[in-house]
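Asker: Sharing a structure with you now.
Residue numbers (the numbering used here): 3 to 415.
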């Protein structure tokens, strides 16, 4: 199915036709998929791109001179160009392919941070970080003697920016924060964070796992030093992600992994590194999923991020109102600016029990701590039930979830 068939005006019914999985049933009920913050479903264009690669030009890239290798290389590198344009990076060499946001953050931790940090230096993260933006920095502090500091979160699920500014000093060398929270939906004031951090000489990394699919990303305007992207949250395949980094920083960083492709010359005495971006892309990469990532970005671009965002904002508004009307439900995270994530707890009901009963109604939500245990501790809860919305979701589906919640709460109380 071609995306050229999409109308200029956003039509959710037409959008849904591009997602084959939405036709299936779960336990005899039509699937209602509200676990988009964990992973989005894939349009047929992405599925076709995957099968087309394996069916017509499966080959290893860069080193081959035969036709299949050249076609595969061209498709792989076309994705790099597409990502560059998608986030407005200055140069294509600033786009590094990784396995996802987790690997992107670890790459920066084990190359830039381990090389540049020393005892007495400080790293700042926030109280709403995913574990993937906590644990690597903890490991680095153990290796280097640097200290980890945390921006606190207020009762609405927003960063306490006054406290952030108090944490800043000449000892701070790195600030690594999430752009949009996966568990609260909060959109953080990252431009303010970046500008303030740069004034004290710190570099800034942004976890863009949730923001890339919802917000317009311009890394040059943000002036962030590193930005991490996850393909599978932007309607692309799993197992592929992106690290954007300013070229000067990437040039100065040592390789992350050693092996084929990341080298220029190898002897038993000495090895010299390849040029960017290949210095950080050792071994045979995830070619098929990288090729399909281009199809995902093209699909999002054709529909239009603004139209998608307006649709998702309306879904979030509607869901928030409906959830607040249910006795005993407490929303966790009521920031002024949010992406389409609604997290909540029900008095006297464990989130896992709620998730199981909703699944019996065909409704897929996420339950638990969402890899943000420190944030759950901040709110004094073991976890939440999280409904997260995408371009293909509808108000009718929210009504199904609300009805399912009424049934579940009645059974569990």
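Glycine is no exception: its CB is placed at the ideal position from the N, C-alpha and C atoms.
In chain order, what residues of the same chain have a beta carbon less than 8 Å from the beta carbon of residue 301, not counting five sequence neighbours either side?
Answerer: Along the chain shown, one-based indexing puts residue 301 at 299. Hits under 8 Å: 5, 20, 45, 47, 48, 237.
Asker: CA-CA distance, residue 11 and residue 170?
Answerer: As a working mapping, residue 11 is identified with position 9 in the chain shown. As a working mapping, residue 170 is identified with position 168 in the chain shown. Their backbone Cα atoms lie some 46 Å apart in a straight line.
Asker: Quick one: what does DSSP say residue 138 is sitting in, helix, strand or coil?
Answerer: Taking the chain shown and counting its residues from 1, the one referred to as residue 138 is at position 136. Residue 138 falls in the helix class under three-state DSSP.
Asker: For the beta strand (DSSP E) holding residue 267, just list the boundary residues, first then last.
Answerer: In the chain shown, the residue the question calls residue 267 occupies position 265. Element bounds for residue 267: 265–268.
Asker: Considering only residues of the same chain and omitting the five flanking positions on each side of residue 380, which have a CB-CB separation below 7 Å?
Answerer: Here residue 380 corresponds to residue number 378 of the chain shown, with the count starting at 1. Contacts found: 129, 155.
Asker: Might you give, ordered along the chain, the residues of its own chain that have their beta carbon closer than 6 Å to the beta carbon of residue 399, omitting 5 neighbours on each side?
Answerer: Within the chain shown, numbered from 1, the residue matching residue 399 stands at position 397. The answer, listed in chain order, is 34.
Asker: Please classify residue 79: does DSSP put it in a helix, a strand, or coil?
Answerer: Reading the chain shown from its first residue, position 77 is the one you call residue 79. Reduced to three states, the DSSP call for residue 79 is helix.
Asker: Quick check on DSSP: helix, strand or coil for residue 398?
Answerer: Mapped onto the chain shown, residue 398 falls at position 396. Three-state result, residue 398: helix.
Asker: Going by the DSSP bridge assignment, what does residue 32 pair with across the sheet?
Answerer: Taking the first residue of the chain shown as 1, we reach residue 32 at position 30. For residue 32, which the question treats as bridged, DSSP gives the partners 27.
Asker: Alpha helix (DSSP H) containing residue 198: first to last residue?
Answerer: If you number the chain shown from 1, residue 198 lands on position 196. 192–201 is the span of the alpha helix (DSSP H), which, as asked, contains residue 198.
Asker: Using only alpha-carbon positions, find the residue among 204, 224, 210, 148 that is nearest to residue 184.
Answerer: The residue given as residue 184 occupies position 182 in the chain shown. When each option's Cα is compared against that of residue 184, the closest is 210.
Asker: So, is residue 413 buried or exposed, given that buried needs 16 or more other C-beta atoms within 10 angstroms?
Answerer: Reading the chain shown from its first residue, position 411 is the one you call residue 413. Residue 413 comes out exposed.
Asker: Residue 346: buried (16+ other C-beta within 10 angstroms of its C-beta) or exposed?
Answerer: Here residue 346 corresponds to residue number 344 of the chain shown, with the count starting at 1. So residue 346 ends up on the buried side.
Asker: Quick check: what's the CA-CA separation for residue 312 versus residue 260?
Answerer: As a working note, residue 312 is residue 310 in the chain shown. As a working note, residue 260 is residue 258 in the chain shown. Looking at the two C-alpha atoms, the distance is approximately 44 Å.
Asker: Residues in the same chain with beta-carbon distance under 8 Å from residue 283, minus the five sequence neighbours each way, listed in chain order, please.
Answerer: Mapped onto the chain shown, residue 283 falls at position 281. 98, 99, 263, 264, listed in sequence order.
Asker: Less than 9 Å between the C-beta atoms of residue 74 and residue 61, yes or no?
Answerer: Against the chain shown, residue 74 aligns to sequence position 72. Against the chain shown, residue 61 aligns to sequence position 59. Cβ distance < 9 Å, so residue 74 and residue 61 count as in contact.
Asker: How many Å lie between residue 162 and residue 188 at the Cα?
Answerer: Translated into the one-based positions of the chain shown, residue 162 becomes position 160. Translated into the one-based positions of the chain shown, residue 188 becomes position 186. So the two alpha carbons sit approximately 12 Å from each other.
Asker: Can you tell which of 54, 131, 182 has the C-alpha that lies nearest to the C-alpha of residue 338?
Answerer: For the purposes of this step, residue 338 is identified with residue 336 of the chain shown, where counting begins at 1. Checking every option, the nearest Cα to that of residue 338 belongs to 182.
Asker: Could you compute how far the alpha carbon of residue 120 sits from the alpha carbon of residue 287?
Answerer: As a working mapping, residue 120 is identified with position 118 in the chain shown. As a working mapping, residue 287 is identified with position 285 in the chain shown. Spanning the two alpha carbons is a distance of roughly 33 Å.
Asker: Looking at the structure shown, is residue 291 part of a helix, part of a strand, or coil, going by DSSP?
Answerer: Indexing the chain shown from 1 puts residue 291 at position 289. Note: residue 291 maps to helix in three-state DSSP.
Asker: Am I right that residue 28 and residue 361 are in contact with their C-beta atoms under 8 Å? What's the rounded C-beta distance?
Answerer: Walking along the chain shown from the start, residue 28 turns up at place 26. Walking along the chain shown from the start, residue 361 turns up at place 359. Residue 28 to residue 361, Cβ: 7 Å. Contact.
Asker: Under the assumption that residue 103 contacts residue 232 (Cβ atoms under 8 Å), give the Cβ distance between them as a whole number of angstroms.
Answerer: In the chain shown, residue 103 corresponds to position 101, counting from 1. In the chain shown, residue 232 corresponds to position 230, counting from 1. Right, the Cβ-Cβ distance comes to about 5 Å (below 8 Å), so this counts as a contact.
Asker: Identify whether residue 298 lies in helix, strand or coil by the three-state DSSP scheme.
Answerer: For the purposes of this step, residue 298 is identified with residue 296 of the chain shown, where counting begins at 1. Here residue 298 sits in helix by DSSP.
Asker: Can you give the beta carbon distance from residue 179 to residue 124, rounded, assuming they're within the 8 Å contact cut?
Answerer: Taking the chain shown and counting its residues from 1, the one referred to as residue 179 is at position 177. Taking the chain shown and counting its residues from 1, the one referred to as residue 124 is at position 122. Not confirmed; about 14 Å, so no contact.
Asker: For the beta strand (DSSP E) that residue 335 lies in, which residues bound it at each end?
Answerer: Residue numbering aside, residue 335 sits at position 333 when the chain shown is read from its first letter. No beta strand (DSSP E) holds residue 335; DSSP gives it neither H nor E.
Asker: Would you call the region 101–116 and the region 133–144 in contact, with 3 or more CB pairs under 8 Å?
Answerer: Judged by Cβ distances under 8 Å, the region 101–116 makes contact with the region 133–144, as three or more pairs qualify.
Asker: Does the distance from the C-beta atom of residue 235 to that of residue 51 stay below 9 Å?
Answerer: Within the chain shown, residue 235 is the residue found at index 233, counting from 1. Within the chain shown, residue 51 is the residue found at index 49, counting from 1. No, the Cβ-Cβ distance between residue 235 and residue 51 is not below 9 Å.
Asker: Taking only three categories from DSSP, how would you classify residue 63?
Answerer: For the purposes of this step, residue 63 is taken as the residue at position 61 of the chain shown. In this structure, residue 63 counts as coil in the three-state DSSP scheme.
Asker: On a CA-only basis, which of 295, 299, 272, 274 is nearest residue 241? Give me that one, please.
Answerer: As a position in the chain shown, residue 241 is number 239, starting the count at 1. Residue 295 is the option with its Cα nearest to residue 241.
Asker: Using the DSSP secondary-structure output, state which residues sit across from residue 248 in a beta bridge.
Answerer: Position 246 of the chain shown, counted from the first residue, corresponds to residue 248. Its beta-bridge partners do not exist; DSSP assigns none.
Asker: Looking at the secondary structure, which residues open and close the beta strand (DSSP E) in which residue 415 lies?
Answerer: The residue labelled residue 415 in the question sits at position 413 within the chain shown. Taken as a continuous stretch (DSSP letters only), residue 415 belongs to no beta strand (DSSP E), as it is neither H nor E.
Asker: By DSSP, does residue 110 sit in helix, in strand, or in coil?
Answerer: Here residue 110 refers to the residue found at position 108 when the chain shown is read from its first residue. Helix at residue 110.
Asker: What are the residues that DSSP puts in a beta bridge with residue 151?
Answerer: The count along the chain shown starts at 1 and reaches residue 151 at position 149. In the DSSP output, where bridge partners are listed per residue, residue 151 has 126.
Asker: Between the Cα of residue 198 and those of 159, 166, 152, spot the shortest distance and give me the residue it belongs to.
Answerer: Within the chain shown, the letter at position 196 stands for residue 198. Answer by Cα proximity: 166.
Asker: Is it the case that the Cβ atoms of residue 317 and residue 356 are separated by a distance below 9 Å?
Answerer: Numbered from its first residue, the chain shown carries residue 317 at position 315. Numbered from its first residue, the chain shown carries residue 356 at position 354. Not in contact: residue 317 and residue 356 (Cβ atoms no closer than 9 Å).
Asker: Excluding five sequence neighbours on each side, which residues of the same chain lie with their C-beta closer than 8 Å to the C-beta of residue 257?
Answerer: Numbered from its first residue, the chain shown carries residue 257 at position 255. Within the same chain, residue 257 has close Cβ partners 113, 264, 275, 281, 282, 284.
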